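Visitor: Take a look at this one; I'll ask things after.
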Amino acid sequence: MSHKIFINLPVTDLARSRAFYEALGYVNNPQFSDDLAACMVLSDAIYVMLLSHEKWRGFTARPICPRGTSEVSLAMSCESRDAVNRLVEAGAAQGGTADVNPPEDHGFMFQRTISDPDDHIWEPFWMDPTAMAGVPEAA
Numbered sequence: 008m009s010h011k012i013f014i015n016l017p018v019t020d021l022a023r024s025r026a027f028y029e030a031l032g033y034v035n036n037p038q039f040s041d042d043l044a045a046c047m048v049l050s051d052a053i054y055v056m057l058l059s060h061e062k063w064r065g066f067t068a069r070p071i072c073p074r075g076t077s078e079v080s081l082a083m084s085c086e087s088r089d090a091v092n093r094l095v096e097a098g099a100a101q102g103g104t105a106d107v108n109p110p111e112d113h114g115f116m117f118q119r120t121i122s123d124p125d126d127h128i129w130e131p132f133w134m135d136p137t138a139m140a141g142v143p144e145a146a
């Protein structure tokens with residue numbers, strides 16, 4: 008059975024956050040979006056649910072992490088180094104912060120970070136496919 012991943016993120020300004028993720032290439036699914044939430048589609052299997060703080064509180068009583076703290080870091084593969092750079096630059100132009108952690112270049116892997124307007128950290132990376140030789144595929 009294949010799985011879908013829904014990443015739920017609390018946001019302070021839904022319209023601003025939606026514009027940020029659209030700049031990264033995500034597409035809004037209006038079927039699961041309203042004035043309190045936006046379902047942003049990354050792929051057939053990965054969705055980012057942007058939730059207003061009011062909507063978030065319906066999911067959990069746990070507090071929302073303060074800005075500037077780390078709750079999770081979301082890594083995502085890109086098809087090239089240029090794609091990593093384009094993603095970070097597009098996010099920075101739409102209110103994100105580029106390179107909240109220093110870029111890393113290991114030769115076979117290149118990684119940068121971008122925080123969205125609510126300080127959620129994304130790590131776009133490229134890895135040389137030949138470096139993946141022998142690594143088993145996820146089931």
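The opening residue of the sequence shown carries number 8 in this note's numbering; numbering runs sequentially from there. Glycine included, C-beta positions come from ideal geometry on N, C-alpha and C. Small disclaimer: the values here were computed from a predicted structure and weren't measured.
#1: For the candidate residues Val48, Leu57 and Val34, whose alpha-carbon lies nearest to that of Asp41?
#2: Applying the criterion that 16 or more other CB atoms from any shown protein chain within 10 Å of the CB defines a buried residue, is Gly114 buried or exposed?
#3: Looking at the unbroken alpha helix (DSSP H) that takes in Val91, where does it start and where does it end?
#4: Take the Cβ of Gln38 as the centre, count every other Cβ of all protein chains shown within 10 Å, and call the residue buried at 16 or more, exposed below.
#5: Determine, using beta-carbon pairs with one atom in the segment 54-68 and one in the segment 87-107, whether at least three such pairs fall under 8 Å.
#6: Below 8 Å, can you find three or more Cβ-Cβ pairs linking the segment 14-32 to the segment 119-129?
#7: Work out the CA separation of Phe66 and Ala82 for me, nearest whole Å.
Guide: The structure says:
#1: For the purposes of this step, residue 41 is taken as residue 34 along the sequence shown, with counting starting at 1. The option with the nearest alpha carbon to Asp41 is Leu57.
#2: Here the question's residue 114 lines up with position 107 in the sequence shown. Exposed, since its Cβ has fewer than 16 Cβ neighbours within 10 Å.
#3: In the sequence shown, counting from the first residue as 1, residue 91 sits at position 84. Run containing Val91: Arg88 to Ala100, per the alpha helix (DSSP H) assignment.
#4: Here residue 38 refers to the residue found at position 31 when the sequence shown is read from its first residue. Classification of Gln38: exposed, given that the 10 Å Cβ count is below 16.
#5: Short answer: they don't touch.
#6: As far as the Cβ criterion goes, the segment 14-32 touches the segment 119-129, which means the pair count is three or higher.
#7: The count along the sequence shown starts at 1 and reaches residue 82 at position 75. The count along the sequence shown starts at 1 and reaches residue 66 at position 59. Going from the Cα of Ala82 to the Cα of Phe66 covers about 24 Å.
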